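S.K.:
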Amino acid sequence: MRVVRRYMHNALRNYNYLLVCEETQQAIALDPLDGEQMLAVAEAEGLTIKLIINTHEHHDHIAGNPVVQAATNAPIWAHESAQGRIPNQERGLVAGDWVTVGTMQLRVLYTPGHTPGHLCLLAESSAYDATPLLFSGDTLFNACAGNCKNGGNVDTLYETFVSQLQRLPDDTRLYPGHDYMKTNLAFALDREPNNDMARYWQDQVSAIEPDHMPIMTLGQERQYNPFLRLHEPAIRSQLVSHFPHLGQHDRDVFKALRALRDHW
Ligand SMILES: [Zn+2]
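Per this note's numbering, residue 20 is the first one in the sequence shown, and the count goes up by one each step.
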């Protein structure tokens, strides 16, 4: 499969994606915000949009649904617990469901925490694709985790991280819902000033526009993303200066990091 990514040039810094079957040129519109632009991209590339999927119900991930649906008749799928919050949602997906368009096969991960009805899509390695691809919506970002401010729950997000996202292979390529990489790397370095990989990537992306941000792997994220480095003694000891009563559990570290990032 092929991934077409478009940066939305909006204040929330969204990415929109078309997931393309290279054999049939059929596509999934993932989290369309600018429906007109998604249609224009599909037309320019000779693609037929067969399906709309929303990782979750926030407005900036569904606002383009009506325009795309009106032009393509594509059904709208999202997690079953988003039903009632996304207009015209036809199917409620659950963990373990497979989404098939052309030769593309994507597995549904139920990944609550940012919202109660959040899903991720995972393209596992196959005859068509050597490396797995994760479409993470607003759960896992480059160098950060999603916030829990608008209907989310940080304990639930922690569970999603440790029980699912942390377990994915190192070579998994990460496609998040927003570009916050520069800000998040600055936050990561503030937590771990001696993290050479965080500094290396901060240098690498400093002059890169969001349209051209690199696609990172989970193996790379594990080298600098504090939310994937909960065991790191440097992170823990530095957090104590902000949270003198920080507990010993990974969950305590995750929640402290998220609380700090909320106001950073
Ligand atoms: Zn969101």
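Beta carbons: idealized from backbone N, C-alpha and C, even for Gly. This one's a predicted model, so the numbers in the text were calculated from it and none came from an experiment.
#1: Which two residues bound the contiguous alpha helix (DSSP H) that contains VAL173?
#2: Where do the N-terminal and C-terminal ends of the alpha helix (DSSP H) with SER256 fall, by residue?
#3: Taking LEU152 as the reference, give the member of CYS139, GLY65 and HIS264 with the closest Cα.
#4: If you reduce the DSSP assignment to three classes, tell me which class ILE81 lands in.
#5: Determine, using beta carbons only, whether ASN172 and GLY132 come nearer to each other than 8 Å.
#6: Applying the 10 Å Cβ sphere with the 16-neighbour rule, what's the burial state of GLN108?
#7: Have a look at LEU176, ASN29, PRO94 and LEU193 and flag the residue whose alpha-carbon is nearest the alpha-carbon of LEU141.
#8: Looking at ASP148 and ligand 1, is the gap between the Cβ and the nearest heavy atom below 7 Å?
#9: Within 10 angstroms of the Cβ of LYS274, are there 16 or more other Cβ atoms? Answer buried if so, exposed if not.
#10: Got a sec? Which residues, its chain only, sit under 6 Å from ASP157 by beta carbon, not counting five neighbours each side?
#11: I'd like to check one pair, ILE47 with VAL120: are the Cβ atoms closer than 8 Å?
#12: Kindly identify the DSSP beta-bridge partner or partners of GLY156.
#13: Measuring only from the beta carbon, is HIS80 closer than 7 Å to any heavy atom that is part of ligand 2?
#14: Following a CB-centred definition, is ASP157 positioned closer than 7 Å to any heavy atom of ligand 1?
#15: Name the two residues that bound the continuous beta strand (DSSP E) containing ASN35.
#16: Have a look at the DSSP bridge pairing and note the partners of VAL22.
#17: Return the chain-ordered ranges of every beta strand (DSSP E) run that is complete within the segment 57-105 and spans a minimum of 3 residues.
#18: Return yes when the Cβ of GLY136 is within less than 8 Å of the Cβ of ALA4, no when it is not.
#19: If GLY238 and ASP190 are in contact, beta carbons under 8 Å, what's the gap, nearest whole angstrom?
#20: So the candidates are ASP79, LEU249 and ALA278; which of them puts its Cα closest to the Cα of GLN267?
#21: Can you tell me the Cα-Cα spacing of LEU204 and ARG241, whole angstroms?
#22: In whole angstroms, give me the CA-to-CA distance for GLY103 and ASP50.
#23: Considering only residues of the same chain and omitting the five flanking positions on each side of ASN213, which have a CB-CB separation below 8 Å?
#24: Straight-line CA distance for ASN244 to GLU178?
#25: Does DSSP classify THR202 as helix, strand or coil?
#26: Cβ of HIS98 versus every heavy atom of ligand 1: is any distance shorter than 7 Å?
M.R.: By the coordinates alone:
#1: Residue mapping note: residue 173 aligns to position 154 of the sequence shown, counting from 1. From DSSP, the alpha helix (DSSP H) with VAL173 extends over 173-182.
#2: Your numbering for residue 256 matches position 237 in the sequence shown. Per DSSP, SER256 belongs to the alpha helix (DSSP H) from 252-258.
#3: Stepping through the sequence shown from its first residue, residue 152 is reached at position 133. Here the closest residue by C-alpha is CYS139.
#4: Within the sequence shown, the letter at position 62 stands for residue 81. If DSSP states are grouped into helix, strand and coil, ILE81 belongs with the helices.
#5: Locating residue 172 in the sequence shown gives position 153, where the first residue counts as 1. Locating residue 132 in the sequence shown gives position 113, where the first residue counts as 1. The answer is yes: Cβ separation under 8 Å.
#6: Position 89 of the sequence shown, counted from the first residue, corresponds to residue 108. Buried is the call here.
#7: Here residue 141 is taken as the residue at index 122 of the sequence shown, counted from 1. If we check each option's Cα against that of LEU141, LEU193 comes out closest.
#8: The residue given as residue 148 occupies position 129 in the sequence shown. No, since every heavy atom of ligand 1 falls outside the 7 Å radius drawn around the Cβ of ASP148.
#9: Position 255 of the sequence shown holds residue 274. Its Cβ being crowded by 16 or more others within 10 Å, LYS274 is buried.
#10: Taking the sequence shown and counting its residues from 1, one reaches residue 157 at position 138. Within the same chain, and ignoring the five residues on either side of ASP157 in sequence, the residues whose Cβ sits closer than 6 Å to its Cβ are HIS133, GLY165 and GLY196.
#11: Residue numbering aside, residue 120 sits at position 101 when the sequence shown is read from its first letter. Residue numbering aside, residue 47 sits at position 28 when the sequence shown is read from its first letter. A contact, by the Cβ cut-off of 8 Å.
#12: Against the sequence shown, residue 156 aligns to sequence position 137. Beta-bridge pairing links GLY156 to PRO195.
#13: With respect to ligand 2, the structure offers nothing, as its ligand set consists of ligand 1.
#14: Position 138 of the sequence shown holds residue 157. With a threshold of 7 Å, the Cβ atom of ASP157 counts as near ligand 1, since some heavy atom of the ligand is closer than that.
#15: Sequence index remark: in the sequence shown, residue 35 carries index 16 (1-based). Residues 34-39.
#16: By one-based count along the sequence shown, residue 22 stands at place 3. Per DSSP, the beta bridge partners of VAL22 are LEU38.
#17: 67-72 and 95-98
#18: The structure shown has nothing for residue 4, since the chain only spans 20 to 283.
#19: Here residue 238 refers to the residue found at position 219 when the sequence shown is read from its first residue. Here residue 190 refers to the residue found at position 171 when the sequence shown is read from its first residue. Correct: roughly 6 Å between the Cβ atoms.
#20: Working through the sequence shown from its first residue, we reach residue 267 at position 248. Measuring from the Cα of GLN267, the nearest candidate turns out to be LEU249.
#21: Taking the first residue of the sequence shown as 1, we reach residue 204 at position 185. Taking the first residue of the sequence shown as 1, we reach residue 241 at position 222. Near 13 Å, if we compare the C-alpha coordinates of ARG241 and LEU204.
#22: As a working mapping, residue 103 is identified with position 84 in the sequence shown. As a working mapping, residue 50 is identified with position 31 in the sequence shown. Looking at the two C-alpha atoms, the distance is approximately 17 Å.
#23: Mapped onto the sequence shown, residue 213 falls at position 194. Closer than 8 Å at Cβ, skipping near neighbours: ALA253.
#24: By one-based count along the sequence shown, residue 244 stands at place 225. By one-based count along the sequence shown, residue 178 stands at place 159. Distance between the alpha carbons of ASN244 and GLU178 is about 17 Å.
#25: One-based indexing of the sequence shown puts residue 202 at position 183. It is helical.
#26: Here residue 98 corresponds to residue number 79 of the sequence shown, with the count starting at 1. No, the beta carbon of HIS98 sits no closer than 7 Å to any heavy atom of ligand 1.
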